[in-house]
Each structure stands twice: as structure tokens, then as C-alpha cells.
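Asks: Residue numbers (our numbering): 59 to 530. The structure under discussion is supplied below as C-alpha cells; questions concerning it will follow.
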């Protein structure tokens, strides 16, 4: 939180500096205007910040080469910059000297932070442009997206780019993940336990597991913040807003579900990452006879291989992993969180850099082949639906199982729930809200209630709101 606060102060100072130097920071237009002639084929260098490891970097380099066959005048300089927060922090510093990259991996709260200085190019005019662009091989394409390309994006992933309060498009989805329910299928089958689809069913399953294995912690949930925000979405209860009053999560519905989960915790039904002190997959994959185990784990779909136990000396897995959609309040209106990196494009003095950046982003996000290969290599989910018809990807999904190909099983579940994805409003302070509700969840589960649990919960919520308003 300290890093985020520092970055916010830095960008606020940038705004003041621009206003005094006459650079028009406060007068910047909300949209990037496409030049009348569109992309003119001029030679430009595009800097792209990302967090890809070696395996994903190899895939990226293949497709940079493919892109350059079409646009040899556009030179892509990609740079791996630590983790997501490292990208955010580096760009926050570079904005002060107008040295930000052209394209960057981002999360919504990062973009909200960059938007304080109004340096992120809105994509609406680019997306809707009908101007024709000629490639090096003589073929042509329109600068924007065709209707078919727009419809091909998984809706929840695409709409994430419009969640900044003004209806404009600031990001394009790059690769995505969500939360899924991992369960010990071998144990469930042996004990005739049905996979829970609702939270009420989950409570019953936890109780049954406790009867079978009294020292177990039936459920591990990795992200307290995701849990809280997802419950708000599933109940249709306010969380935050990008406009007007921002912090809305202190309400009776939310206090009630947190109280219910506290009761589950007191019964020994669950733990979370901060309470356990590590990812709860460690409990889920434990196989020693004397170890405390969990038999369900809710975590990132991109981390499926971390939810798989280590093979034994017989070269077999101790148990088979099952994967399902997380439990719901209403199974007819499912809600699961959209996670994973998007990409944003930064404004530049030379509009041709923005156009070239857009052509590269468009190439990666609409390429079935790239999205397929990147998903297979990363465990993330493709952002376009047509990937499921790609022969290589179909072969990958066909191998889905609870062992060697558990990442394929995870991807398959994610694609099956494409209509369930949601995103939260993004604004300067949304990351603070996320941190606060996560801390609130862990605190309420474990705190001494002093004899009055409702007062303790009410105070925890009020304190979280105060922290948001002070730090946001």
C-alpha cells in the first residue's frame, strides 16, 4: 500500500508540474484522435513492458517476428520488468519525465493511477476506425476491429477496458484467469461427496469432510479480497463505484456474509492465505499421513499445476484433482472474477507511435494462433472465443485431466463459464479498497469479538471505510 500511495503522490505532482509548464495536462482530450491519413508506414520504435518469464517470452518473440513480416517499419522493443507492481512503479516514475513506454501490461487500478496524469490513450477511435492499412505483403486490413473481431472477445474480458467511470475504452484484454474450485476428486468419489455448486452446499460438504477427517481444514481460499468482492457481486450488493461516492461496501448484506464465514471458520471449515501464512494449495496437496489436509481449494485458474500433488515413487499422483466453478449464491446468475493482465497504450507526441502500438496490440489480441500458444504455455485463458476451434488448442483441451494435463482442465472450465465473468470499477483508490476488504475479511474471521460479534464486525467495516477515504 505504501508503494501505491507513493506513486499516487508522484503522479499528483506531475499534474501540478504540467499545469505550470503550460503542457496542458488538465486540458488533455479524453480520446486519442486518429490522424486523417491513419498509419502512414513511417518507421517507429515501440517499447513494450511486460512480466513474461522465459517460456512466454519465447512465444512472444515468435509473434513479434510474424508481426514484423506485416509491418517491418514497426520495431518492437520488449522488456521484462519484474512483476506487475514493478511495471506499475517503474511507469509511475517515468511518467514524470514523459518517459513512459508505448505499451504495458496492466491491471485496472494501474490504469486508474496513470490516468491521474491523463497519459493513457483511449482506444475507442482506434477500435472504430474504418481506415485501411496496407501491409508489407500487399494485403490490407482496417485499422480498427471488425464486427466479427469485437464479437469474438469474451464479453467480460473485453468490458474490463471500460470500467473507469466514463464509458471509454482504456485497455485491451491480453490473457486472463479467474478463480476455480479445486477438489480432491479421489476423496470425493470414495466418500460419495457431490461437488458443491452453492455456498449452502459447500457448508454441508465442509461438515461432512470434518466428520470423515476431524483434523482437516476442508477448504482453503487463497484471496480474501477476491472472496469478499465476489460475494458482493453474487449478492448484487454494493462494493465500490468509479463515480460519486466511491466506497460502498459497508452494508448489511456484506456484514451478514462475513459473519456467516466467521462461523464457518470457528467450526474449522476453512482457512485463507493470510491466516494460513502461505498459499492454501500447500494444504490441498499435502499427502503425508499425519499432515493437516484440505480437500478443496479456491485459487487462480492459472495456478492449476500448483494445486496438483507431487508424483509418488510409482510415478503416479497420490490423488486426482477435480476442477469446478466456484460456489454461487444463485446458479442461474453465476459470477466469477476476471483476472490476469490487460494491455494499455500510452499517449505520445508522435501519433504514429500510438497507431503502431495499436496495430501490435490488435495483432496479439485477435490472433487465434498467438492466443492458443500463449494459453498453452502460460495456463492463462485465451481472450477470444474462436481459439476453442483452433486444432492445436482443441488437442490441448482434449487432454484435460486431473493429472499431467490439469492446466488444460482448468482452461476448459474457464471457457465453459465465459458468460459469468465480472470486473469491478477502477479508479484512483480502488486498489486501496481491495486491500482493505481483504484485510477486513481476515480480521473478522479471526478476531476476538469481545462478547458482541455484530459490534466487532460493524467496527471492522467502519475502520476499512475510514482507511479507504484517508488513503484513497
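Ideal Cβ positions, reconstructed from N, Cα and C, are used throughout, including at glycine. Since the model is a prediction, treat every value here as computed from it, not as a measurement.
State the DSSP-derived secondary structure class of residue 376, mapped to helix, strand or coil.
Replies: Three-state result, residue 376: coil.
Asks: Enumerate in chain order the residues of its own chain whose CB-to-CB distance from residue 316 is below 7 angstroms, with the five nearest sequence positions on each side excluded.
Replies: Within the same chain, residue 316 has close Cβ partners 499, 502, 515.
Asks: Quick check on the burial criterion: 16 or more other C-beta atoms within 10 angstroms. Buried or exposed for residue 411?
Replies: Classification for residue 411: buried.
Asks: Compute the distance between the beta-carbons of residue 179 and residue 405, then report whether it is under 8 angstroms.
Replies: Against a cut-off of 8 angstroms, the Cβ pair of residue 405 and residue 179 comes out as a contact.
Asks: Return the chain-ordered list of same chain residues with a C-beta closer than 7 angstroms to the C-beta of residue 254, the five sequence neighbours on each side being excluded.
Replies: Within the same chain, residue 254 has close Cβ partners 260, 263, 385.
Asks: Round the Cβ separation of residue 137 and residue 107 to the nearest angstrom and send it over; I've been treating them as touching at under 8 angstroms.
Replies: Residue 137 to residue 107, Cβ: 6 angstroms. Contact.
Asks: By Cβ distance below 6 angstroms, which residues in the same chain neighbour residue 518 in space, the five residues on each side in sequence not counted?
Replies: If we look at residue 518 and ignore the five residues flanking it on each side, its Cβ neighbours are 498, 501, 502.
Asks: Can you say whether residue 79 is buried or exposed, counting buried as having 16 or more other CB atoms within 10 angstroms of its CB?
Replies: The predicted position of residue 79 is uncertain, since its pLDDT is 34 and thus under 50; a value taken from the coordinates is nonetheless stated next. When all chains shown are included, residue 79 counts as exposed.
Asks: Where residue 103 and residue 416 are concerned, what is the direct C-alpha to C-alpha distance, given to the nearest angstrom?
Replies: Roughly 13 angstroms between the two C-alpha positions.
Asks: If I follow the unbroken alpha helix (DSSP H) through residue 398, where does it start and stop?
Replies: Counting along the chain, residue 398 falls outside any alpha helix (DSSP H), and DSSP gives it neither H nor E.
Asks: Beta-carbon within less than 6 angstroms of residue 364's beta-carbon, same chain only, minus the 5 sequence neighbours each way: which residues are those?
Replies: Closer than 6 angstroms at the Cβ level, and outside the excluded window around residue 364, lie 339.
Asks: For residue 426 versus residue 215, is the C-beta distance shorter than 8 angstroms?
Replies: No, the pair does not count as a contact, with Cβ atoms beyond the cut-off.
Asks: Which residues mark the beginning and the end of the alpha helix (DSSP H) in which residue 354 is found?
Replies: From DSSP, residue 354 is part of no alpha helix (DSSP H) but of the beta strand (DSSP E) over 354-358.
Asks: Which of the three DSSP states, helix, strand or coil, is assigned to residue 226?
Replies: If DSSP states are grouped into helix, strand and coil, residue 226 belongs with coil.
Asks: Can you tell which of 325, 219, 160 has its C-alpha closest to the C-alpha of residue 105?
Replies: The option with the nearest alpha carbon to residue 105 is 160.
Asks: Determine whether the beta carbon atoms of residue 95 and residue 201 lie at a separation below 8 angstroms.
Replies: No, these two residues do not count as a Cβ contact at 8 angstroms.
Asks: Express the C-alpha separation of residue 383 and residue 504 in angstroms, rounding to a whole number.
Replies: Cα to Cα, residue 504 sits roughly 27 angstroms from residue 383.
Asks: Is the stretch 225-239 touching the stretch 467-482, taking contact as three or more C-beta pairs under 8 angstroms?
Replies: Yes: the two stretches touch, three or more of their Cβ pairs being nearer than 8 angstroms.
Asks: Starting from the Cα of residue 181, find the closest Cα among 362, 226, 348 and give me that residue.
Replies: Among 362, 226, 348, the Cα nearest to that of residue 181 belongs to 226.
Asks: Please confirm if the stretch 455-466 is in contact with the stretch 366-382, defined as three or more CB-CB distances below 8 angstroms between the two stretches.
Replies: At 8 angstroms Cβ cutoff, the stretches touch.
Asks: Assign residue 110 to one of two classes, buried (16 or more other C-beta atoms within 10 Å of its C-beta) or exposed (fewer than that).
Replies: Counting Cβ neighbours within 10 Å, residue 110 comes out buried, since at least 16 surround it.
Asks: Let's test the definition: count the other Cβ atoms within 10 Å of the Cβ of residue 120 and tell me whether it reaches 16, buried, or not, exposed.
Replies: Classification for residue 120: exposed.
Asks: Restricting to Cα atoms, I'd like to know which of 305, 357, 311, 347 is closest to residue 330.
Replies: Answer by Cα proximity: 357.
Asks: From residue 203 to residue 456, what distance separates their C-alpha atoms?
Replies: Taking the straight line joining both Cα atoms gives about 31 angstroms.
Asks: Figure out for me which residue from 98, 420, 277, 423 has the closest Cα to the Cα of residue 192.
Replies: It is 98.
Asks: Per DSSP, residue 328 forms a beta bridge with which residues?
Replies: Bridge partners of residue 328: 277.
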